[in-house]
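Start counting at 1 in the sequence shown, then tack on 289, and there's your number in our numbering.
Input: a single structure, listed below in C-alpha cells.
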Amino acid sequence: MTNIPDDYLERVYAGVLGKLIGVYVGRPFEGWTHQRIVEELGHIRGYVHEKVGDPLVVTDDDVSGTFQFVRALEEHGYSPEISSEDVGKTWLNNVIEHRTIFWWGGRGMSTEHTAFLNLKRGIPAPLSGAIRTNGKTVAEQIGAQIFIDGWALVAPGNPKLAAKLARAAGSVSHDGESVYAAQLWAAMEAEAFISKDINHVLDVGLSVIPKESLVARVIGKVREWVAEDGDWMKTRQHIEDSYGYDKFHGVCHVIPNHAIMIMAVLYASNDFDEAMHIINTCGWDTDCNSGNVGCLVATMLGLSAFQGPYDWRGPLADRALISSADGGYSINNAVRISYDIVNIGRRLAGYNALEPPKAGAQFHFSLPGSTQGFQLLQPSGSEQSISATLQQRIDSSHGPGLAVDVENLGQGQGELEVLTQTFTPKEVLYMKTYELMASPLVYPGQTVTTKIRASGEGDGKVVVGLRLKAYSENDELVAIDGPSTILNPGEECSLIWTIPDEMDSQPIQKIGIVLNPGASNSYRGTVWLDSLSWTGVPNMVLQKPPQKSCEFWHRAWVNGADNFSKSSFLIAQGQGEGIIIYGTREWDNYSVTIPNFMIKFGAPAGIGIRVQGLNRYYAVFFTEDKRITLVKALDAERIELASEAFPWELDQKYRVILTACDDLIQVRVGDVELQITDSQYTSGGIGLIATDGCVSADSFIIAPSLST
290 MTNIPDDYLE
300 RVYAGVLGKL
310 IGVYVGRPFE
320 GWTHQRIVEE
330 LGHIRGYVHE
340 KVGDPLVVTD
350 DDVSGTFQFV
360 RALEEHGYSP
370 EISSEDVGKT
380 WLNNVIEHRT
390 IFWWGGRGMS
400 TEHTAFLNLK
410 RGIPAPLSGA
420 IRTNGKTVAE
430 QIGAQIFIDG
440 WALVAPGNPK
450 LAAKLARAAG
460 SVSHDGESVY
470 AAQLWAAMEA
480 EAFISKDINH
490 VLDVGLSVIP
500 KESLVARVIG
510 KVREWVAEDG
520 DWMKTRQHIE
530 DSYGYDKFHG
540 VCHVIPNHAI
550 MIMAVLYASN
560 DFDEAMHIIN
570 TCGWDTDCNS
580 GNVGCLVATM
590 LGLSAFQGPY
600 DWRGPLADRA
610 LISSADGGYS
620 INNAVRISYD
630 IVNIGRRLAG
640 YNALEPPKAG
650 AQFHFSLPGS
660 TQGFQLLQPS
670 GSEQSISATL
680 QQRIDSSHGP
690 GLAVDVENLG
700 QGQGELEVLT
710 QTFTPKEVLY
720 MKTYELMASP
730 LVYPGQTVTT
740 KIRASGEGDG
750 KVVVGLRLKA
760 YSENDELVAI
770 DGPSTILNPG
780 EECSLIWTIP
790 DEMDSQPIQK
800 IGIVLNPGAS
810 NSYRGTVWLD
820 SLSWTGVPNM
830 VLQKPPQKSC
840 EFWHRAWVNG
850 ADNFSKSSFL
860 IAQGQGEGII
870 IYGTREWDNY
880 SVTIPNFMIK
890 FGAPAGIGIR
900 VQGLNRYYAV
910 FFTEDKRITL
920 VKALDAERIE
930 LASEAFPWEL
940 DQKYRVILTA
950 CDDLIQVRVG
960 DVELQITDSQ
970 YTSGGIGLIA
980 TDGCVSADSF
990 IIAPSLST
C-alpha cells in the first residue's frame with residue numbers, strides 16, 4: 290500500500306510541469322551533439338524554440354506516451370498487478386499506426402514501431418518487446434525510460450511499486466538494460482516524493498535493478514567522475530569517451546542518455562534551472578533526457594522548483610498536446626493531467642478520487658500559478674495596446690481564480706480577450722515529426738457557464754462577455770459572442786450560454802471571455818475569472834462545411850483509417866478494421882442519426898457510439914451474412930450482443946439511428962430495431978467504421994437522449 294502524501298496533488302503538478310518544460314526545452318534540438326549545441330545555440334538557459342523557428346508547445350512522443358499509457362490503469366482496473374499484456378492492449382486501443390505517439394521509423398529501426406507491429410500481429414506483451422523477439426540492439430534503445438514518469442507519479446513514496454509498474458509498461462516494447470533504466474528512474478521519482486537527498490534517491494533506484502547490470506555499473510562510474518571532477522563539463526566528456534553513441538548500436542541507445550541524466554541530477558538536483566542547463570547543453574536525446582530530469586527534480590522540489598530567474602511557466606501556460614486515438618484528451622493542460630494522475634494514484638492506494646473542484650468545472654485554476662492554457666490576446670487593429678497581466682491568485686474572500694489585472698482599458702483600444710485552446714491550433718501546420726490527432730473539447734448544444742467578478746478597488750465599469758472562436762473559410766478563426774454583462778467594482782455574476790449550431794460544422798478552437806470598457810471612458814482594475822465549464826452533450830448537425838477552402842473540420846476527426854476523404858465523410862480501409870472518431874469521452878446520453886449511410890465495399894461496416902479508442906466502443910454493424918448486429922468492441926474481441934437479418938446491399942442508402950441512454954443501447958435501421966443493456970462504456974464519441982472496404986455518410990445528427 291502507498292501512503293498518499295499530504296501535498297500529493299501539488300507535487301504531481303510540479304512533476305507534470307517539469308516533464309512538459311523539459312520536453313519543450315529540449316525538443317527543438319533533439320539529436321544534436323553537445324558540440325553543435327554550444328556552437329549554434331550556446332549553453333541552454335531557457336527556451337530556445339524561437340531560435341530554430343518552432344512553436345513552443347508541440348506534439349511529441351515523450352509527452353503523448355507518458356501521459357496516455359498510464360491510463361491503462363483506467364482501462365484495465367486500478368491494480369498494482371497490471372500486466373504488460375494489459376498495457377499492450379492500451380497501446381492497440383490508443384496508438385494509430387504511422388500517426389500518433391511514436392516515431393514511426395520502421396521495423397528494426399524504431400523500437401516502438403517494431404513492438405507495435407508485433408502486438409498487431411498477435412504477439413502479446415512482454416514478448417512484443419523481448420530481446421528474443423527483436424534482438425538486443427532494438428530492445429535496448431531509450432523508449433522504456435522516456436515514457437516512465439506517469440508510472441512513478443501514481444506511486445508516491447513507493448519505489449518498489451513504481452519499479453514494478455515501470456517493468457510491466459516498459460516491457461511492452463523494450464527489454465534488458467532499457468527496462469532496468471526505466472525501473473531505476475521510476476523508483477527514483479517515486480522516492481523523490483519523500484526525500485530530497487539525491488544520493489539516497491539514487492541508491493533506492495539501484496536497489497530495484499540487478500547489481501551486475503550495465504546501468505548499475507555505469508552509474509557507479511558516473512558517481513566516481515562527479516566526485517573527482519566537480520565540473521559537469523569534465524564529467525560529460527568522460528561519459529562521451531566511455532559510453533558515447535559510438536559505443537552502441539542502434540539509433541538512440543539508452544546507456545549514453547541515462548548516463549548524462551544521472552550526471553545532471555547529481556550536479557543539480559536542488560536547482561531546476563541548472564538541471565535544465567546541464568541536461569540540455571549535453572546534447573543527444575535532449576527532449577527525452579530533459580523531460581525525465583525535469584520531472585524528477587520538480588517532483589523532488591515541488592512548485593518551488595520554478596521560482597528561479599527563468600520564466601518556465603509563463604510561456605508554457607500549462608499547455609500540453611497528447612496525440613492519440615482519444616481525441617478529447619489531446620488538447621490538454623498540466624492541471625487536468627495532474628488531477629487524472631492523482632486520482633489513479635489514490636485508487637491504486639485504496640483511496641477515493643478527489644472531489645472535483647468548483648462542481649467539476651473544466652477550468653478552475655485551483656492549483657498555485659495555474660492558468661490552464663488561458664492567455665491574453667488583443668485583436669489586431671486596435672489603436673494602441675492594452676496594459677494587462679494574467680495570473681492565478683487567491684482572493685481572500687472567494688478562493689483561487691484567474692486574475693486579469695487591467696491598467697488602461699479605454700475607448701479606442703479595442704478589446705482584451707482571455708481565451709484558452711479547445712482544439713488544434715493553426716501552429717500544427719508547422720509542427721515537425723509528430724502528427725496531432727484531436728477532437729474539439731466543446732460543441733454546439735453544450736451549455737457553457739462562467740463565474741466572473743470585478744474587484745472592489747477598480748475604477749470604472751467593464752463589459753465582460755463569453756466568446757468562442759471557430760474555424761471558417763481559409764481556416765481563419767472567427768469570433769462568436771455569447772451573453773455579456775456590465776460589472777461595477779465589487780460585482781459578480783454568472784454568464785450561461787448554450788452554444789448555437791451556427792458554425793457550419795467547423796470546430797471551436799478557443800473559448801473564454803472578452804473585456805471592453807463599453808460606454809465608460811476607461812476601466813482599471815481586476816476582473817476575476819473564477820471558473821469556466823460546460824455541460825451536456827452536443828446538439829448539432831455535422832456535415833462537410835460549405836466553405837471550399839478549409840481543412841480543420843477534417844482534422845476534428847481522429848483518423849484511424851487508411852484513407853479519409855477531405856471532400857466528404859468517406860473512408861477506406863485496405864485490410865482489417867478502420868475507424869474515424871469524433872467527440873470526447875465525456876459524451877454520455879445521446880443519439881446519432883445518419884440519414885444516408887452507405888457501404889461501398891466490404892463488411893462488417895457501421896457506426897460506433899460511446900467510442901473510447903480504436904478497440905473500445907458499441908456499434909451497429911452491417912455484416913457479411915446480411916444481418917444488422919449490435920456489437921461491443923473489447924480490445925481484440927468484437928462481441929455480438931444482438932442481431933437480426935437485414936438484406937442490405939452495396940451502394941444503397943440507409944437511415945441509421947443509434948442511441949445510448951444510461952445502460953441501454955438501441956439501433957433502428959429501416960424496420961429493424963435492436964436493443965441491449967450493457968454498462969461497460971458509459972460515455973464516448975461517435976465513429977464511422979469500415980472493414981476491408983469503404984463506407985460513407987452524408988451527415989451526422991447528434992442530439993441528447995433522455996435519461997430513464
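For every residue, glycine included, the Cβ atom is placed at its ideal position computed from N, Cα and C.
{"query": "For S985, three-class secondary structure by DSSP", "result": "strand"}
{"query": "Boundaries (first-last residue) of the alpha helix (DSSP H) holding I954", "result": "Careful: I954 lies outside any alpha helix (DSSP H), inside the beta strand (DSSP E) at 953-958."}
{"query": "Simplified DSSP state of D286, which is helix, strand or coil", "result": "Not covered by the structure: residue 286. The range shown for the chain is 290 to 997."}
{"query": "Simplified DSSP state of I420, which is helix, strand or coil", "result": "helix"}
{"query": "Reduced DSSP secondary structure (H/G/I, E/B, other) of K485", "result": "coil"}
{"query": "Among P729, S655, K308, the one whose alpha carbon lies nearest that of W823", "result": "P729"}
{"query": "Alpha-carbon spacing of V493 relative to G634, whole angstroms", "result": "20 Å"}
{"query": "Collapsed DSSP secondary structure at I990 in the structure displayed", "result": "strand"}
{"query": "Bridge-paired residues (DSSP) for W688", "result": "The sequence shown places Gly at residue 688, rather than the Trp named in the question. The partner list for G688 (beta bridge, DSSP) reads D684."}
{"query": "Cβ pair count under 8 Å reaching 3, the stretch 882-897 against the stretch 930-949", "result": "yes"}
{"query": "Opening and closing residue of the alpha helix (DSSP H) in which C577 lies", "result": "575-590"}
{"query": "Residue environment, A986, which counts as buried when at least 16 other CB atoms sit within 10 Å", "result": "buried"}
{"query": "Ranges of the alpha helix (DSSP H) found wholly within the stretch 543-572, counting only runs of at least 4", "result": "543-557, 561-571"}
{"query": "Proximity to P598 [Cα-Cα], best of L610, M565, R813", "result": "M565"}
{"query": "Element boundaries [beta strand (DSSP E), containing V847]", "result": "847-849"}
{"query": "Spatial neighbours of G849 in its chain, beta-carbon cut-off 7 Å, leaving aside the 5 residues before and after", "result": "I385, A614, G867, I868, I869, I870, L903"}
{"query": "Contact under 9 Å by Cβ, A433 with A419", "result": "no"}
{"query": "Residue of F858, G745, E746, L755 minimising C-alpha distance to S794", "result": "F858"}
{"query": "As assigned by DSSP and simplified to three states, the class of S811", "result": "strand"}
{"query": "Assigned secondary structure, E480 (DSSP; H/G/I helix, E/B strand, else coil)", "result": "helix"}
{"query": "C-beta contact flag for T355 and G580 at 9 Å", "result": "yes"}
{"query": "Rounded separation between N763 and I883 - CA only", "result": "28 Å"}
{"query": "Same chain only: Cβ atoms within 6 Å of W786, ignoring 5 sequence neighbours per side", "result": "V737, L755, G771, P772"}
{"query": "Three CB pairs or more closer than 8 Å across the stretch 436-444 and the stretch 465-480", "result": "yes"}
{"query": "Distance CB(F886)-CB(V826) smaller than 9 Å", "result": "no"}
{"query": "Cβ shell of S838 (< 7 Å), same chain only, five flanking positions each side left out", "result": "E762, N763"}
{"query": "Outcome for T389 when other beta-carbon atoms lying within 10 angstroms are tallied against a minimum of 16", "result": "buried"}
{"query": "In DSSP terms, what K833 is bridged to", "result": "None, per the DSSP bridge assignment."}
{"query": "I385 - DSSP class collapsed to helix/strand/coil", "result": "coil"}
{"query": "Helix, strand or coil at D760 [DSSP, three-state]", "result": "Inspection of the sequence shows that residue 760 is occupied by Tyr rather than by Asp. Y760 falls in the strand class under three-state DSSP."}
{"query": "Whole-Å CB distance - D967 paired with K921, under 8 Å assumed", "result": "6 Å"}
{"query": "Beta-bridge partners of A975, as assigned by DSSP", "result": "Just to set this straight, residue 975 is Ile in the shown sequence, not Ala. According to DSSP, which records beta bridges pairwise, I975 is partnered with Y871."}
{"query": "Touching by the beta-carbon criterion (3+ pairs, under 8 Å), the stretch 362-370 and the stretch 389-401", "result": "no"}
{"query": "Start-to-end residues for the beta strand (DSSP E) that takes in E962", "result": "961-966"}
{"query": "Contact set for N805: own chain, Cβ-Cβ below 6 Å, skip 5 residues either direction", "result": "E704, V752"}
{"query": "Segment contact, 8 Å Cβ cut-off, at least three pairs: the stretch 397-414 with the stretch 365-376", "result": "yes"}
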